[in-house]
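Student: Please read through the structure below; I'll follow up with questions.
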Amino acid sequence: LAARIHLSSANNATQQRYVHLHNEARRNVGIGIGMTWDKTLEDHAHSYAQKLKVDCIIEHSVSHYGENLAWADYDFTVDHILKMWVDEKQFYDHNSNSCAPNQMGGHFTQVVWRKSVRLGCAKERCNNNHQFIAICNYDPPGNAAGERPF
1 LAARIHLSSA NNATQQRYVH LHNEARRNVG IGIGMTWDKT LEDHAHSYAQ
51 KLKVDCIIEH SVSHYGENLA WADYDFTVDH ILKMWVDEKQ FYDHNSNSCA
101 PNQMGGHFTQ VVWRKSVRLG CAKERCNNNH QFIAICNYDP PGNAAGERPF
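The sequence shown begins at 1 in the UniProt record's numbering and counts up one residue at a time.
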């Protein structure tokens, strides 16, 4: 059974939580430009999540959107998802515009990427019924080589 979070309504609490937590992370690094929800990005995230949930193998899509992926063996909340990504801030060095060796930081930098202003996300229960995946897509995409996120 799929456990899709329906996020298309402008008043949906889950959608609002994604936007709020992204914007909070952005404010914390001095970015005043907030994210807004985008139905096209949500639809893209949902479509790709439908594909990934079959084998529950996490791999990035080939698209022109920025993309963050998350995986867990429990039904994680929006807060858990964003915490995983934003906690990567500790590995990102703004002065050198790089991450610590053998550490991930690209999820964090995509969340706070100044030029990314629209997002859409989806979460699915994998077909094995005990793992979950989440995807957020961003437009314009972030993590451009040689550019700083903020």
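C-beta atoms are modelled at their ideal positions from N, C-alpha and C, and glycine is treated no differently.
How many Å lie between residue 157 and Glu88 at the Cα?
Tutor: What the structure shows of the chain is the stretch from 1 to 150, and residue 157 is not part of that stretch, so it cannot be assessed.
Student: If distances are taken between C-alpha atoms only, which option among Phe150, Arg17, Lys53 and Gly30 comes closest to Asn128?
Tutor: Closest by alpha carbon: Lys53.
Student: What residue range is occupied by the uninterrupted alpha helix (DSSP H) comprising Phe108?
Tutor: Its alpha helix (DSSP H) spans residues Gly106 to Val112.
Student: Going straight from the alpha carbon of Glu42 to that of Glu67, what length do you get?
Tutor: Taking the straight line joining both Cα atoms gives about 11 Å.
Student: Do you know whose CA, among Pro140, Phe150 and Glu124, lies nearest Asn97's CA?
Tutor: The option with the nearest alpha carbon to Asn97 is Phe150.
Student: Can you say whether Lys83 is buried or exposed, counting buried as having 16 or more other CB atoms within 10 angstroms of its CB?
Tutor: Exposed, by the Cβ-count rule.
Student: Can you look up Arg125 in the DSSP assignment and give me helix, strand or coil?
Tutor: If DSSP states are grouped into helix, strand and coil, Arg125 belongs with the strands.
Student: Is the beta carbon of Gln135 less than 7 Å from the beta carbon of Tyr48?
Tutor: Note on identity: in this sequence residue 135 is Ile, with Gln being the wrong assignment. Yes, Cβ-Cβ distance for Ile135 and Tyr48 is below 7 Å.
Student: Whose C-beta lies closer than 8 Å to the C-beta of Ile33 among residues of the same chain, with five residues either side of it excluded?
Tutor: Excluding residues within five positions, the ones whose Cβ falls inside 8 Å are Arg26, Arg114 and Val117.
Student: Considering only the beta carbon of each residue, do Ala70 and Ile81 sit closer than 7 Å?
Tutor: Against a cut-off of 7 Å, the Cβ pair of Ile81 and Ala70 comes out as a contact.
Student: Taking the alpha helix (DSSP H) that Asn137 belongs to, which residues open and close that run?
Tutor: Not the alpha helix (DSSP H): Asn137 falls in the beta strand (DSSP E), residues Phe132 to Asp139.
Student: Go ahead and label Leu7 buried or exposed: buried means 16 or more other beta carbons lie within 10 angstroms of its beta carbon, across all protein chains shown.
Tutor: Unreliable placement is indicated for Leu7, whose pLDDT of 40 sits below 50; the coordinate value is still reported in the next sentence. Leu7 is buried by the Cβ-count criterion.
Student: Give me, in chain order, the residues of the same chain whose beta-carbon lies closer than 6 Å to that of His46; leave out the 5 immediate sequence neighbours on both sides.
Tutor: The residues are Ala122.
Student: Can you check which of these residues, Asp79, Gln90, Trp37 and Met104, is closest to Val29 by C-alpha distance?
Tutor: Closest by alpha carbon: Gln90.
Student: Here's the rule I'm using: 16 or more other beta-carbon atoms within 10 Å means buried, otherwise exposed. How should Ser9 be labelled?
Tutor: The predicted position of Ser9 is uncertain, since its pLDDT is 37 and thus under 50; a value taken from the coordinates is nonetheless stated next. It is exposed - the Cβ of Ser9 has fewer than 16 other Cβ atoms within 10 Å.
Student: Tell me whether Thr36 sits in a helix, a strand or coil according to DSSP, three-state version.
Tutor: It is a strand residue.
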